[in-house]
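Here the structure comes first, spelled out in structure tokens, and everything after it is commentary.
Residue numbers (the numbering used here), protein chains in the order written: chain A, 7 to 538; chain B, 10 to 303.
Below, the structure is given as structure tokens:
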């Protein structure tokens, strides 16, 4: 028999790689564009998220509200219903990253593909059930596992910052070897990209991302096969699968190459065993088949779907696990009292609603012009891990900027126009008189007042009598805060010359989004005597 | 030339000199130009022309650095940064005067990209043909300033490597130095924890101005900030003053600037100090000021 690989399917495979490249570049371009480009409004750089039905549904259930932008997710669902998981194989940028690394590891002989028959495929379904059951109780953990959230977060908080640091180091080298002409140009170019390079959790989020990439050493597209809850969700709705795998038994030499190289363990051979919901239509099997025996003809008739074996007990177990997890996630004191360091970006919904909607994607952190938005560690409790908090010691909230609110894909941060944003209070500044230079040394310093962006300024300088360490008395101008005018932007804390632990700092009290986290009774504000 | 012709020429020459003795003397220019009018670009052109033209300050082939105040993320109407038209004209003049290259740079307080774009300065300067540079951390270098108090500080080497520097501040109020005019503008050339300089700001300003020695200072007072400085915010914080001042004595320029705020140079400690230490004149009566309206 003539041995020849199918030209048609090799071409289709080429098109698939092209499609993956295009979508990855689109993802990367939109992510790089997620910063101040000169306009107050930057358009829908977060559009990828709105095609993600898992985020759409979990946010819908958890927050019990409809976010209209997720309408695009219906398209993904329709495509998946008709064609199967083509989105996983042709579009998903995280899938492309995994495929790329699988390919590299294979070429480097670090990964030897094998015919896996294990039932780890079921893991992702259990994870999906766990997530969805959690959302019923408004515990929204989807952001930790959703592939787009994972990818965006990893890139925003770890990959791009690491690249930025490397570029910076390379620039330093260029200057050392006196290539300053080249280095000057590059430095200006990078400044224009405005990459944030400092993240509290950058190291750990990066470590997790690298770990997930290294899983590809064990199996091709390990994440997509075994872990991806979006993949599981799409598998469940891929019911028609209009492109049906057919193996020409006359040609098939039963070499098993298709099974070995199937990157999602969909077992193309024998075709009756083909798990169409697991197939991501990468067309690897049909293009590597040495005898061109495998094809994917259009066939509209519905067929019996070979699904992954899901143990009912394990499904129930996952659900129970989620139910049990809910109270555990809420043992943290953040549910009792507001945390002083939990300064949310302007436009953030009230905390409970915010946690139901935030998918921890890090888009806001990428957009933030000052690098001030950081992934939370413990400030918001375990369920709020990696949600955005403003850390003024690192960066402040830029007065005329509302980018974080514009790029939030779920509306956890309500989209604000710049004039709307100017009115939002996210916290309140406090002077630590024990550390403030005029207060304890009597030496002039007006840096916080100078930087205060409101008009009139929320920081006023008042002549204050202080006893200096040597016992002499001085009356320097020292900062006091007007609690009505302060919006909590934190520039005073960022710029305070007492750098290790700033002498002026912002806490969350007074934030508009909370009724309880307030300093003064609103009634008092109408009482003129208080501000006499 | 024979003897008779020689005697005749000498006689004629002496006669001319007798009636026009300034022929061999240096042309004299005013110390300061104070130009008022509607158009900031025209004011700037006139101010430089009144001082004798750009050729007096820069030579052909010079690399010139124009240092505006691009400190804040504010629009031109808010008068927190130098008027972009003033910057544009200075860049144009330098290039017309034969400068090899004109650089525009400042180290802002808000994000550099936002201040450069929203102040309108990046675009205006680029259009005029300047090289607009973001401050680059790698170009910071500890420089011996040899000031009376400030011995050394991290300075962007862009300021060191050029032939001439033109300072283009805007006139604003400031809670520590009372006003921020030309001499305060030099904090924008610095890196490091420059906010610490506020602990002895007046002396720091004097040392910095003496170090950078601009060949020309052009003070933008087209729209000035009369309260809530140095950022302002509301339009009511600004006042349309429609003036541009230029001069080579940077102390004198600042001294004249105080009058726009109904103050006198004697009210401003740093100016008194600068004068006392011989850095420039603050007594306006002693200065030759050319006032023009365009």
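Even for Gly, the Cβ is constructed at its ideal location relative to N, Cα and C.
The region 333-342 of chain A and the region 394-404 of chain A do not touch, with fewer than three beta-carbon pairs separated by less than 8 Å. Contacts between residue 198 of chain A and chain B, judged by CB atoms closer than 7 Å, involve 122 in chain order. Per DSSP, residue 355 of chain A has no beta bridge partner at all. Taking 8 Å as the cut-off, the beta carbon of residue 201 of chain A is found no closer than this to the beta carbon of residue 244 of chain A. Within the same chain, and ignoring the five residues on either side of residue 417 of chain A in sequence, the residues whose Cβ sits closer than 7 Å to its Cβ are 73, 363.
For residue 281 of chain B, the three-state secondary structure derived from DSSP is helix. For residue 187 of chain B, the nearest beta carbon of chain A is not closer than 8 Å to its own beta carbon. Less than 8 Å divides the Cβ of residue 75 of chain B from the Cβ of residue 100 of chain B. Positions of the alpha helix (DSSP H) runs, each at least 4 residues long and wholly inside the region 76-163 of chain A, are given as 78-89, 99-113, 129-142, 148-151, 153-160 in order along the chain. When secondary structure is reduced to three states using DSSP, residue 19 of chain A falls in the helix class. Taken atom to atom, the span from the alpha-carbon of residue 253 of chain B to that of residue 209 of chain A is near 52 Å. With respect to chain A, the C-beta atom of residue 93 of chain B has no partner C-beta closer than 8 Å. For residue 40 of chain A, the secondary structure class from DSSP, reduced to helix, strand or coil, is coil.
Interface flag for residue 437 of chain A against chain B is unset, since no Cβ pair is found closer than 8 Å.
Rounded to the nearest angstrom, the Cβ distance from residue 183 of chain B to residue 223 of chain B is 19 Å, too far for a contact under 8 Å.
When C-alpha distances from residue 504 of chain A are compared across A:381, A:440, A:98, the shortest belongs to A:440. Checking the DSSP bridge columns, you'll see residue 523 of chain A has no partner listed.
As computed with DSSP, residue 302 of chain B is found in a beta bridge with B:45. Separation of the CB atoms of residue 65 of chain A and residue 329 of chain A is rounded to 20 Å, and the pair is thereby denied contact status at 8 Å.
When the Cα atoms are used, residue 241 of chain B and residue 492 of chain A turn out to be separated by approximately 15 Å. It is roughly 15 Å from the alpha-carbon of residue 28 of chain A to the alpha-carbon of residue 38 of chain A.
Taken in chain order, the complete alpha helix (DSSP H) segments of 4 residues or longer contained in the region 65-116 of chain B are 93-105.
Here the region 376-383 of chain A does not lie against the region 87-94 of chain A, with fewer than 3 beta-carbon pairs under 8 Å apart. Residue environment for residue 237 of chain B: buried (at least 16 other C-beta atoms within 10 angstroms of its C-beta). Note that the C-beta distance between residue 279 of chain B and residue 186 of chain B is below 8 Å. Contact between the region 154-165 of chain B and the region 204-221 of chain B is present, with at least three C-beta pairs closer than 8 Å. Annotated as proximal: residue 502 of chain A and residue 510 of chain A, with beta-carbon spacing under 8 Å. The distance from the Cβ of residue 135 of chain A to that of residue 321 of chain A is about 6 Å, consistent with a contact at the 8 Å cut-off. Rounded to the nearest whole angstrom, the C-alpha separation of residue 124 of chain B and residue 245 of chain B is 21 Å. In this structure, residue 311 of chain A and residue 352 of chain A do not form a Cβ contact; the two beta carbons are roughly 48 Å apart against a cut-off of 8 Å. Listed along the chain, the chain B residues whose CB falls inside 7 Å of the CB of residue 177 of chain A are 147.
For the region 43-68 of chain A, the set of positions with a beta-carbon nearer than 8 Å to some beta-carbon of chain B reads 44 in chain order. Assignment of residue 512 of chain A by DSSP, reduced to helix, strand and coil, places it in the strand class. Per DSSP, residue 275 of chain B lies in no alpha helix (DSSP H) and is assigned neither H nor E.
Residue nearest to residue 471 of chain A within the set A:233, A:460, A:450, A:71 is A:450 (criterion: CA-CA distance).
The CB of residue 118 of chain B comes closer than 9 Å to the CB of 456, 457, 497, 501 in chain A, given here in chain order.
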